[in-house]
Amino acid sequence: MRRLAELQEVVTLWRKLEDDANSLDELYQLSAMEGDQSLQTELADHAAALTDQLDKLEFQLAFQGEHDSRNAILAIHSGTGGTDSQDWAEMLLRMYLRWAERRGFEALLLDTSSGEEAGIKSAQLEIRGRFAYGYLKSEKGVHRLVRLSPFDADHARHTSFALVEVLPEAEKDIDIELSPDDLRFDYFKASGAGGQHVQKNSTAVRVVHEPSGITVAVQNERSQRQNREAALKILTTRLMQVEMAKRAEEKEKLKGEYVAAQWGNRIRSYVLHPYKVVKDHRTGFEVSDPDSVLDGNLDDLMAAYISYSVGQPT
Numbered sequence: 312m313r314r315l316a317e318l319q320e321v322v323t324l325w326r327k328l329e330d331d332a333n334s335l336d337e338l339y340q341l342s343a344m345e346g347d348q349s350l351q352t353e354l355a356d357h358a359a360a361l362t363d364q365l366d367k368l369e370f371q372l373a374f375q376g377e378h379d380s381r382n383a384i385l386a387i388h389s390g391t392g393g394t395d396s397q398d399w400a401e402m403l404l405r406m407y408l409r410w411a412e413r414r415g416f417e418a419l420l421l422d423t424s425s426g427e428e429a430g431i432k433s434a435q436l437e438i439r440g441r442f443a444y445g446y447l448k449s450e451k452g453v454h455r456l457v458r459l460s461p462f463d464a465d466h467a468r469h470t471s472f473a474l475v476e477v478l479p480e481a482e483k484d485i486d487i488e489l490s491p492d493d494l495r496f497d498y499f500k501a502s503g504a505g506g507q508h509v510q511k512n513s514t515a516v517r518v519v520h521e522p523s524g525i526t527v528a529v530q531n532e533r534s535q536r537q538n539r540e541a542a543l544k545i546l547t548t549r550l551m552q553v554e555m556a557k558r559a560e561e562k563e564k565l566k567g568e569y570v571a572a573q574w575g576n577r578i579r580s581y582v583l584h585p586y587k588v589v590k591d592h593r594t595g596f597e598v599s600d601p602d603s604v605l606d607g608n609l610d611d612l613m614a615a616y617i618s619y620s621v622g623q624p625t
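First residue of the sequence shown: 312, per the numbering used here; consecutive thereafter.
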């Protein structure tokens, strides 16, 4: 029923676009016969808006993946580079939160692990919106930052790395079964910035899937029940990723090499010194305004990757 509702929405959008185009054509023919220049100018504006809508709908046709229409679970992990990399991980977290805000998506911070001096060691987000995973799958891999370090007394240039993982949210109809006998739950107090932000009750939850060894912790300062539900959702998603990886290995001979989000896969560089550029190493696409990108303006980079990946082995 969910899939049917999605398809009906798509059909309705395309049919409305067709009706609007036909109406514009009829009005234009009428205005041409009557020589009404003012109406033709107005119709040209409507046609431009219609063309823009058509471009957006055509772009969404690229989302043909099985999970593209789902919500996404996004995880960020700081890499080599100490405090600089932890600060870089926090910059990426802000970038994705701003991107979600720009698109009108809902972003829920599930868990964060703070760095010793600054930044974060890791963070997990749930981003909810139509095609959230379709867009964000372009972000899987290692992100590299080159800048003058604010944490270096000599203000020297440093290179920092952070790993971004993106998973489609597991849905209830996915064939992933969690046996209570396979799960171990730990409850603890959520860490915070201090003072009123520190939990007095043990609301944070850690769940361990004994057969696989996968561990998930959630401490987003809500109730223990909500943290438990979120942890189980992420665990199910990670188990689904394991299953997807197994299937990808089986298809490798037919569809090409499977590329996982591992440290060797640098996908994008953000250079702030000695020049300014953001370059995607998969597509060669560049943006000369990294400040805008770090403020969440990722659409051009995502679009370039999605267009590039159409027809590529997955």
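Think of the CB as a built atom: it goes at the ideal place given N, C-alpha and C, for glycine as much as any other residue. The structure presented is a predicted model; accordingly, all values stated were derived computationally and were not measured.
Presumed contact (8 Å Cβ cut-off) between residue i and residue j, rounded CB distance
i, j, result
"residue 588", "residue 599", "6 Å"
"residue 421", "residue 436", "6 Å"
"residue 361", "residue 343", "About 18 Å; that fails the 8 Å criterion."
"residue 444", "residue 477", "7 Å"
"residue 617", "residue 373", "5 Å"
"residue 416", "residue 438", "5 Å"
"residue 406", "residue 605", "5 Å"
Residues near residue i in its chain [Cβ-Cβ closer than 7 Å; skip 5 each side]
i, result
"residue 481", "487, 544, 547, 548 and 551"
"residue 538", "514, 515, 516, 529, 530 and 531"
"residue 379", "442, 444 and 445"
"residue 387", "400, 403, 404, 433, 434, 473 and 475"
"residue 354", "335, 338, 339 and 342"
"residue 365", "328"
Residue nearest to residue i in terms of C-alpha spacing, selected from the options
i, options, result
"residue 442", "604, 317, 606 and 603", "317"
"residue 393", "366, 350, 470 and 326", "470"
"residue 499", "493, 523, 536 and 468", "536"
"residue 328", "606, 389, 369 and 397", "369"
"residue 489", "410, 523 and 460", "523"
"residue 459", "347, 452 and 586", "586"
"residue 352", "338, 457, 389 and 621", "338"
"residue 391", "319, 620, 457 and 560", "457"
Residue i burial status per 10 Å Cβ neighbour count (16 or more: buried)
i, result
"residue 428", "exposed"
"residue 381", "buried"
"residue 448", "buried"
"residue 464", "exposed"
"residue 603", "exposed"
"residue 479", "buried"
"residue 452", "buried"
"residue 395", "buried"
"residue 411", "buried"
"residue 346", "exposed"
"residue 383", "buried"
"residue 423", "buried"
"residue 450", "buried"
Cutoff 6 Å; reference residue i; Cβ partners in own chain excluding five residues on either side
i, result
"residue 401", "430 and 431"
"residue 334", "none"
"residue 580", "455 and 590"
"residue 542", "516, 518, 527 and 529"
"residue 419", "437"
"residue 350", "342"
"residue 389", "396, 397, 400, 432 and 473"
"residue 613", "446 and 449"
"residue 320", "none"
Nonlocal neighbours in the same chain, by C-beta distance under 8 Å from residue i, ignoring five residues either side
i, result
"residue 615", "591, 594 and 596"
"residue 493", "520, 521 and 522"
Pairwise C-alpha distance: residue j and residue i
i, j, result
"residue 567", "residue 611", "Its pLDDT being 43, under 50, residue 567 is placed unreliably by the model, and the measurement read from it follows with that caveat. For residue 567 and residue 611, the distance between alpha carbons rounds to 27 Å."
"residue 607", "residue 601", "10 Å"
"residue 325", "residue 315", "16 Å"
"residue 521", "residue 553", "15 Å"
"residue 609", "residue 414", "10 Å"
"residue 496", "residue 540", "12 Å"
"residue 510", "residue 534", "At residue 510, the pLDDT of 45 sits below 50, so the modelled position is not reliable and the matter cannot be decided from this model."
"residue 525", "residue 467", "39 Å"
"residue 385", "residue 584", "28 Å"
"residue 363", "residue 357", "10 Å"
"residue 375", "residue 359", "27 Å"
"residue 508", "residue 440", "Low local confidence applies: a pLDDT of 41 at residue 508 is under 50, so the model's placement there is unreliable, and no value is given."
"residue 367", "residue 560", "33 Å"
"residue 323", "residue 377", "21 Å"
"residue 620", "residue 348", "44 Å"
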